[in-house]
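Participant:
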Amino acid sequence: RTRLAADIGKKGAEREFNGLANCLAKIFKSDGLMGLYRGFSVSVQGIIIYRAAYFGFFDTAKGMLPDPKNTPLVISWMIAQTVTTVSGIISYPFDTVRRRMMMQSG
């Protein structure tokens with residue numbers, strides 16, 4: 006998906022792929038089955054880091070509230086947005102590595 010998206014910005018004759026099926030076939034032909042999964046392990050690591058940070062920060066923040074069950078919706082929303090942003094910032098380097106690994110294949 007990443008390589009196909011990068012290829013779409015090119016003009017007609019310069020494009021490497023003609024569509025999703027063509028992209029999959031060429032990657033499989035040049036890199037084999039493992040080429041289709043390049044960057045997958047880093048992606049899984051990033052997801053684990055993101056979810057761990059999200060749940061860890063969210064549970065910690067909710068635990069600091071005097072009455073978590075009766076917290077106003079606005080406060081819960083602000084906590085969720087902050088936790089989501091911080092978790093995304095923490096896991097972003099893994100996403101960058103994943104995309105670079107995908108782009109360097111082939």
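Counting in the numbering used here, the sequence shown runs from 6 upward without gaps.
Heads up, the beta-carbon is just placed ideally off N, CA and C, and yes, glycines get one too.
(1) Which class does leucine 29 belong to by DSSP, given the choice of helix, strand or coil?
(2) Quick check on glycine 44: buried or exposed, where buried means 16 or more other Cβ atoms within 10 Å of its Cβ?
(3) Do threonine 87 and phenylalanine 60 count as a contact pair if the criterion is CB distance below 9 angstroms?
(4) Would you kindly work out how many angstroms separate the C-alpha atoms of leucine 78 and serine 46, rounded to a whole number?
(5) Any beta-carbon of chain D closer than 9 angstroms to the one on isoleucine 84?
(6) Could you check the C-alpha separation between glycine 40 and phenylalanine 33 for me, to the nearest Å?
(7) I need the straight-line Cα distance from isoleucine 95 to arginine 103, nearest angstrom please.
Facilitator: The relevant details are as follows:
(1) For this step, residue 29 is matched to residue 24 along the sequence shown. If DSSP states are grouped into helix, strand and coil, leucine 29 belongs with the helices.
(2) In the sequence shown, the residue the question calls residue 44 occupies position 39. Classification for glycine 44: buried.
(3) In the sequence shown, counting from the first residue as 1, residue 60 sits at position 55. In the sequence shown, counting from the first residue as 1, residue 87 sits at position 82. No; because the gap between Cβ atoms is not below 9 angstroms, this pair is not in contact.
(4) Here residue 78 is taken as the residue at index 73 of the sequence shown, counted from 1. Here residue 46 is taken as the residue at index 41 of the sequence shown, counted from 1. So the alpha carbons of these two residues sit roughly 37 angstroms apart.
(5) This model lacks chain D altogether, as it is built from one protein chain only.
(6) Numbered from its first residue, the sequence shown carries residue 40 at position 35. Numbered from its first residue, the sequence shown carries residue 33 at position 28. Near 6 angstroms, if we compare the C-alpha coordinates of phenylalanine 33 and glycine 40.
(7) Here residue 95 refers to the residue found at position 90 when the sequence shown is read from its first residue. Here residue 103 refers to the residue found at position 98 when the sequence shown is read from its first residue. Inter-residue distance for isoleucine 95 and arginine 103 is about 15 angstroms (C-alpha atoms, whole angstroms).
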